[in-house]
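What follows is one structure encoded as structure tokens, with my remarks underneath.
2 protein chains.
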Amino acid sequence: MHTLWTQRYAQRTQRMHSSAIRELFKLTEQPSVISFAGGLPAAETFPIVELQEACQRVLAEHGAQALQYGPTEGYRPLREMIARHTARYGIAITPDHILVTSGAQQGLDLIGKVFINPGDRILVEQPTYVGALQAWHSYQAEYVSVPLDAEGVQTDLVEAALRSGPKFLYVLPNFHNPTGVTLSLARRMKLLTLANHYGVPIIEDDPYGQLRYEGEHVSPLVVLDGRVHAHDDTPYSGNVLYLSTFSKTLAPGLRLGWIVAPVEVIERLVQAKQGADLHTSMLVQMVAYEVARDGFLDRHVRDIRVLYRERRDAMLVALCHYFPPEASWTEPQGGLFIWVTLPPALDATEVLHAALAANVAFVPGTAFFAQGGGQHMMRLNFSCMAPDRIEEGIRRLGGVLPRLLGHSA
Amino acid sequence: MHTLWTQRYAQRTQRMHSSAIRELFKLTEQPSVISFAGGLPAAETFPIVELQEACQRVLAEHGAQALQYGPTEGYRPLREMIARHTARYGIAITPDHILVTSGAQQGLDLIGKVFINPGDRILVEQPTYVGALQAWHSYQAEYVSVPLDAEGVQTDLVEAALRSGPKFLYVLPNFHNPTGVTLSLARRMKLLTLANHYGVPIIEDDPYGQLRYEGEHVSPLVVLDGRVHAHDDTPYSGNVLYLSTFSKTLAPGLRLGWIVAPVEVIERLVQAKQGADLHTSMLVQMVAYEVARDGFLDRHVRDIRVLYRERRDAMLVALCHYFPPEASWTEPQGGLFIWVTLPPALDATEVLHAALAANVAFVPGTAFFAQGGGQHMMRLNFSCMAPDRIEEGIRRLGGVLPRLLGHSA
Chain A
17 MHTLWTQRYA QRTQRMHSSA IRELFKLTEQ PSVISFAGGL PAAETFPIVE
67 LQEACQRVLA EHGAQALQYG PTEGYRPLRE MIARHTARYG IAITPDHILV
117 TSGAQQGLDL IGKVFINPGD RILVEQPTYV GALQAWHSYQ AEYVSVPLDA
167 EGVQTDLVEA ALRSGPKFLY VLPNFHNPTG VTLSLARRMK LLTLANHYGV
217 PIIEDDPYGQ LRYEGEHVSP LVVLDGRVHA HDDTPYSGNV LYLSTFSKTL
267 APGLRLGWIV APVEVIERLV QAKQGADLHT SMLVQMVAYE VARDGFLDRH
317 VRDIRVLYRE RRDAMLVALC HYFPPEASWT EPQGGLFIWV TLPPALDATE
367 VLHAALAANV AFVPGTAFFA QGGGQHMMRL NFSCMAPDRI EEGIRRLGGV
417 LPRLLGHSA
Chain B
17 MHTLWTQRYA QRTQRMHSSA IRELFKLTEQ PSVISFAGGL PAAETFPIVE
67 LQEACQRVLA EHGAQALQYG PTEGYRPLRE MIARHTARYG IAITPDHILV
117 TSGAQQGLDL IGKVFINPGD RILVEQPTYV GALQAWHSYQ AEYVSVPLDA
167 EGVQTDLVEA ALRSGPKFLY VLPNFHNPTG VTLSLARRMK LLTLANHYGV
217 PIIEDDPYGQ LRYEGEHVSP LVVLDGRVHA HDDTPYSGNV LYLSTFSKTL
267 APGLRLGWIV APVEVIERLV QAKQGADLHT SMLVQMVAYE VARDGFLDRH
317 VRDIRVLYRE RRDAMLVALC HYFPPEASWT EPQGGLFIWV TLPPALDATE
367 VLHAALAANV AFVPGTAFFA QGGGQHMMRL NFSCMAPDRI EEGIRRLGGV
417 LPRLLGHSA
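Taken in sequence, the protein lines are chains A and B.
Mapped onto this note's numbering, the consecutive letters of the first sequence carry residue numbers 17 to 425.
Mapped onto this note's numbering, the consecutive letters of the second sequence carry residue numbers 17 to 425.
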């Protein structure tokens, strides 16, 4: 008798499904399609020569260590470097506050594993990062969504949502995925006050924080929270778990991220990671450390900012040119994405079908809503192609809208 | 108010704890300690030059692909190669039957995520691999244990255990961790018959299958099952999920393994992996493929076998020399471990304390028992040191036993 597989799966498996975005990728692989659907860094920014040199040095000088089993917490010099870099924003952080993860996605998964009971509510932004929803669906989370505006999550609506007793709050304060908006300093302080008052932790997801193209740096929630709780430089033990990644500053194909958290939480996350994959590739950790140790990434990110800023500007200009006056969009100060709001009469999934026929792709807004909504919205990525191709893609996309809006073209 | 972290964790977190073995490592890091506690491959076998060349070639020729986001299923040529290698044992396998994982440990975790509801029973060998228990504890599994003997799991006891309705059977048929025993062909066939009869899947964990030092190759369960279910070379759709790894044939620090499973199960595992870490490092996958593509690993494993066989023999000889006649041990045909049974009056944890004072370490048997037992047993690893050091370690270890046995030394 064959195993009846569908009768064997766990209940949580019923909540799992493939990300709409990753499924969409398969449609957009033909070179004739201009795809704004992904969130890919520009491949031409990958520091290939530096990585080649780092691979050589690491394997020549520390080959036995790079290829052997290693500690679950991560490669110690890398954790020290991350702690130093975080501390320069003004927070008392030690390597014991750092867990190296296989991309920030694994950080989301481990947090889900350690915190979420089936049926637990998670307070999320509306819209929010689809990968977080995907990670937490498999722990049978439920969601409470709070809308965003141009200053980020609407903190005056957060307090009411907190009364539903969420397990934690999940926010992307810098150049939010999918909308590109940045949480204002005042709202950051308000969120921290609320978290403190209700004793509810905040998960701060910050993959894009280094990619600011204009405006002033705003301190991460974890740093601001550290100041609130600071007593004579005692190590951080506040309410925020902070996630970041080397995917946007070095290369996503390495799969390398980290979590900053109070030491007692790191200990739990380490136990979860042991069962999940023992540890992240030592070779990858040591190569990333070797590339980054002398400050290379600070210089490298400056170049990336120049490139991406130009692309963002190209997309904003093209949107003004080719999109109908009924549409509006965000003007992000950094990151990878612009968020477009179409007239409510338009369904972005229908727009996508027409767009694919015109060889251009994007992600419809519904993918990013935990509790429905976003039908007339769309996420556009501007990081992975040259300005002339961005303009051509927006021209194609703008070209399909009038017909769907019932205008004469 | 600070978050009351211990009040926030999920119920499953109460089952998580650090592996006794990994905690023990911290005690055994001093070079004066001869440690048989780990399961480390010999670092001198790591093909550093080949990996350096592969890193150079991959980054020079395919840098943009190696450093960009990739498919969750894994790097296509690597999946094709694994499918080809598996198929040469005589099973109709395609790349669609393969999921690349971040080490075999992630395979265990993903299987737990997709299959285990809280309270589900898993049929395991007694003793069994501690990393599997650690992965599945966090899905709140319960266990039904079936003892092993020199031919592997006692299949005449499996049928009664199957009546408890386990979600799946978990076996390590080749050079079992921790005991070193190999499941006989007759018992493999019996297990497959039972699995087929009860419609219960088998998880076949085979990290050491390539490391046979003597005796005849026995086909993996998945291959034998493929023959049972074969109809004119239709692709495999039987009852076995097969796990393996490059950790023992190439290097564990890469964190690279794979699952072979029916296509419909792979699809579910892919969804789980998307949420867990998006995909395994593309750089690592492409470098491993580059090293392995021309058959290098087949030649390389021949050298590893010669080295490990010599070490196994050194340990067996030393055990005869230095251990009391009341002790017995397995004589594995491959793998990394020998399993020692002391007289029942001895407690291996007490032996460990005495051993550490004599600068020698091992893992007490209790770590490997899902439902208690193994107090007078110990696991010894022989792969990671030279024969003279193995002899010296066994001499030290044998030296502490007579006193604990109440003999005059």
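For glycine and all other residues, C-beta sits at the position ideal for the given N, C-alpha and C.
Model, not experiment: these values are computed from the prediction.
Exposed unless 16 or more other CB atoms sit within 10 angstroms - verdict on residue i
{"i": "Q121/A", "result": "buried"}
{"i": "L368/A", "result": "buried"}
{"i": "S424/A", "result": "For S424/A, the pLDDT reaches just 48, beneath the cut-off of 50, and the residue's location in the model is therefore unreliable, although a value from the coordinates is still provided. With fewer than 16 Cβ atoms within 10 Å of its Cβ, S424/A is classed as exposed."}
{"i": "C336/B", "result": "exposed"}
{"i": "T22/B", "result": "exposed"}
{"i": "Q46/A", "result": "exposed"}
{"i": "H113/A", "result": "buried"}
{"i": "L294/A", "result": "buried"}
{"i": "H213/B", "result": "exposed"}
{"i": "V174/B", "result": "buried"}
{"i": "Y224/A", "result": "buried"}
{"i": "V427/A", "result": "Outside the displayed range of chain A (17 to 425) lies residue 427/A, so it cannot be described from this structure."}
{"i": "S118/B", "result": "buried"}
{"i": "D172/A", "result": "exposed"}
{"i": "E89/B", "result": "buried"}
{"i": "H233/B", "result": "exposed"}
{"i": "S344/B", "result": "exposed"}
{"i": "E230/B", "result": "exposed"}
{"i": "T195/A", "result": "buried"}
{"i": "S48/A", "result": "exposed"}
{"i": "V322/A", "result": "exposed"}
{"i": "R427/B", "result": "It is not possible to answer for residue 427/B, since the shown part of chain B is limited to 17 through 425."}
Where the alpha helix (DSSP H) containing residue i begins and where it ends
{"i": "T171/B", "result": "T171 to L178"}
{"i": "Y305/A", "result": "M298 to A308"}
{"i": "I219/B", "result": "Where I219/B is concerned, there is no enclosing alpha helix (DSSP H), although the beta strand (DSSP E) it sits in stretches over I218 to D221."}
{"i": "R243/A", "result": "L237 to H245"}
{"i": "V281/B", "result": "V279 to D293"}
{"i": "A330/A", "result": "F312 to Y338"}
{"i": "Q23/A", "result": "W21 to R24"}
{"i": "N212/A", "result": "L201 to Y214"}
{"i": "A148/B", "result": "V146 to H153"}
First through last residue of the beta strand (DSSP E) which encompasses residue i
{"i": "R137/A", "result": "R137 to Q142"}
{"i": "D404/A", "result": "It is not in any beta strand (DSSP E) - D404/A instead sits in the alpha helix (DSSP H) that spans P403 to L421."}
{"i": "E158/A", "result": "E158 to D165"}
{"i": "V187/B", "result": "F184 to V187"}
{"i": "Y258/B", "result": "V256 to T261"}
{"i": "V276/A", "result": "G273 to V276"}
DSSP beta-bridge partners of residue i
{"i": "I50/B", "result": "V376/B"}
{"i": "N397/B", "result": "F353/B"}
{"i": "W345/B", "result": "V356/B"}
{"i": "G168/B", "result": "D165/B"}
{"i": "R228/B", "result": "G350/B"}
Closer than 7 angstroms: residue i CB and nearest the ligand GDP heavy atom
{"i": "L185/B", "result": "In the structure shown, the ligand GDP is absent, as is every other ligand, since no ligand is present at all."}
Pairing CB atoms from the segment 321-336 of chain A with CB atoms from the segment 181-195 of chain B, are three or more of them under 8 angstroms? no
Extract the residue ranges of the beta strand (DSSP E) inside the segment 50-136 of chain A, only unbroken runs of 3 or more that lie entirely within it. 114-117
Quick check: the segment 263-275 of chain B against the segment 311-323 of chain B, are there 3 or more CB pairs under 8 angstroms? yes
How about the segment 141-149 of chain B and the segment 282-292 of chain B: do they share at least three Cβ pairs that are nearer than 8 angstroms? no
Is there contact here, the segment 50-66 of chain A with the segment 72-90 of chain B, by at least three beta-carbon pairs under 8 angstroms? yes
Meets three-Cβ-pair contact criterion under 8 angstroms: the segment 156-165 of chain A and the segment 403-410 of chain A: no
Any 3 or more C-beta pairs closer than 8 angstroms across the segment 351-368 of chain B and the segment 391-404 of chain B: yes
Are at least three pairs of beta-carbons, each pair with one atom in the segment 194-210 of chain A and one in the segment 234-241 of chain A, less than 8 angstroms apart? yes
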